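Q:
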Amino acid sequence: MNIGFFGGTFDPIHRGHLAVAAAATRRFRLQKILFVVNDVSPHKQAEPITPYVHRYAMLALALAKEPRYLPSTLESPGIAVHYSIDTVRRAKTALKKSDRLFFIIGMDAFREISSWRQPEQLLRECEFIVASRPGHSLAEVAESLPEKLRPPDKIIAPFRRSKGAGTFTHKGVTIHLLPEVNDSVSATDIRAAAHDRRRIDGRVPATVASYIRKMHLYEEE
Ligand code: DND
Numbered sequence: 406m407n408i409g410f411f412g413g414t415f416d417p418i419h420r421g422h423l424a425v426a427a428a429a430t431r432r433f434r435l436q437k438i439l440f441v442v443n444d445v446s447p448h449k450q451a452e453p454i455t456p457y458v459h460r461y462a463m464l465a466l467a468l469a470k471e472p473r474y475l476p477s478t479l480e481s482p483g484i485a486v487h488y489s490i491d492t493v494r495r496a497k498t499a500l501k502k503s504d505r506l507f508f509i510i511g512m513d514a515f516r517e518i519s520s521w522r523q524p525e526q527l528l529r530e531c532e533f534i535v536a537s538r539p540g541h542s543l544a545e546v547a548e549s550l551p552e553k554l555r556p557p558d559k560i561i562a563p564f565r566r567s568k569g570a571g572t573f574t575h576k577g578v579t580i581h582l583l584p585e586v587n588d589s590v591s592a593t594d595i596r597a598a599a600h601d602r603r604r605i606d607g608r609v610p611a612t613v614a615s616y617i618r619k620m621h622l623y624e625e626e
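Counting from 1 along the sequence shown, just add 405 to a position and that's the residue number in the working numbering.
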């Protein structure tokens, strides 16, 4: 079974995240995606983040109608910080030998991957799907890799010319580029709109928009 692992702060989950999941599901025939909402994201420890229960509730509402999309509590409160390397290893203990796990990530987040905990090990734990807007190339993906895994320029150069979907395999790492996700909606803009009591409909599922209004989320920020 092909299984996706889509981690995020999801504050809140929005149309852009769902577009990534839909494109990944189509292209890689994913039978299941775990949406793993992080209690405390390693790179956002200093930022004010909406309590986990609200972010999890919004995730569950947003995924309710799609049987293949599962809200996951793998990174629920309990420890100080959740690192993806630990969570992916934990998720893998529940998989069968024949299962293929794909870590789904946006290009923006992938550019920072070298600064994550044990990035080389994480990149070798499972395949990666990097979602981007059209026009990005696998060369950008390769250039974002931690130094020990970054191929020499003569290997990267040919990838600069091809801007389509493709797969990059190097030193035990397999990364697929999914360059068809073109939705610039951002959680920051949604929070700002909710704060100013402006419309957020359309940018988040209707059930999530109602939840945000009902619970007065983001009004205080
Ligand atoms: P974010 O806080 O960036 O999530 O976290 C993404 C994942 O990285 C989480 O699982 C974190 O635990 C993990 N992480 C981050 C830093 C360090 C470490 C791990 C570590 O282990 O050391 P957001 O809620 O902001 O976004 C979720 C995903 O959706 C991201 O991959 C983001 O790039 C993507 N995204 C979009 N993709 C396409 N179109 C859009 C998007 N908006 C967000 N409009």
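Every residue gets a Cβ at the ideal spot worked out from N, C-alpha and C, and that includes glycine.
Just so you know, these numbers come straight off a predicted model, no measurement behind them.
Is the closest heavy atom of ligand 1 to the C-beta of residue 590 under 8 Å?
A: Start at 1 with the first residue of the sequence shown, and residue 590 comes out as number 185. Residue 590: yes, Cβ under 8 Å from ligand 1.
Q: Relative to the C-alpha of residue 536, which candidate in 519, 523, 588, 437 has its C-alpha closest?
A: Looking up residue 536 in the sequence shown gives position 131. If we check each option's Cα against that of residue 536, 588 comes out closest.
Q: Just list the alpha helix (DSSP H) runs in the region 448-499, keeping only unbroken ones of 4 residues or longer that don't cross its boundaries, in chain order.
A: 457-468, 489-497
Q: Would you kindly report the start and end of the unbroken beta strand (DSSP E) that includes residue 573?
A: Sequence index remark: in the sequence shown, residue 573 carries index 168 (1-based). Where residue 573 is concerned, the enclosing beta strand (DSSP E) stretches over 571-575.
Q: Just how far apart, CA to CA, sit residue 558 and residue 545?
A: Here residue 558 is taken as the residue at index 153 of the sequence shown, counted from 1. Here residue 545 is taken as the residue at index 140 of the sequence shown, counted from 1. The straight-line gap from Cα to Cα measures roughly 12 Å.
Q: Whole angstroms is fine: what's the gap from residue 485's alpha carbon to residue 444's?
A: Counted from its first residue, the sequence shown places residue 485 at position 80. Counted from its first residue, the sequence shown places residue 444 at position 39. One C-alpha to the other measures close to 9 Å.
Q: Regarding residue 507 and ligand 1, is the C-beta to nearest heavy atom distance less than 8 Å?
A: Here the question's residue 507 lines up with position 102 in the sequence shown. No - ligand 1 has no heavy atom lying nearer than 8 Å to the Cβ of residue 507.
Q: With DSSP collapsed to three states, give me the class of residue 430.
A: The residue labelled residue 430 in the question sits at position 25 within the sequence shown. The answer is helix: DSSP assigns residue 430 an H, G or I state.
Q: Measuring only from the beta carbon, is residue 424 closer than 8 Å to any heavy atom that is part of ligand 1?
A: Within the sequence shown, the letter at position 19 stands for residue 424. Yes, since a heavy atom of ligand 1 falls inside the 8 Å radius drawn around the Cβ of residue 424.
Q: With residue 530 and residue 494 assumed to form a contact (beta carbons below 8 Å), what rounded beta-carbon distance in angstroms separates them?
A: In the sequence shown, residue 530 corresponds to position 125, counting from 1. In the sequence shown, residue 494 corresponds to position 89, counting from 1. Yes, they are in contact, since the Cβ atoms of residue 530 and residue 494 sit about 7 Å apart, within 8 Å.
Q: Going along the chain, which residues of its own chain have a beta-carbon closer than 7 Å to the beta-carbon of residue 474, five neighbours each way excluded?
A: To locate residue 474, count along the sequence shown from 1; it is residue 69. Contacts found: 426, 438, 440, 468.
Q: Name the residue from 550, 501, 622, 625 whose alpha carbon lies nearest to the alpha carbon of residue 577.
A: One-based indexing of the sequence shown puts residue 577 at position 172. The residue with the shortest Cα to Cα distance from residue 577 is 550.
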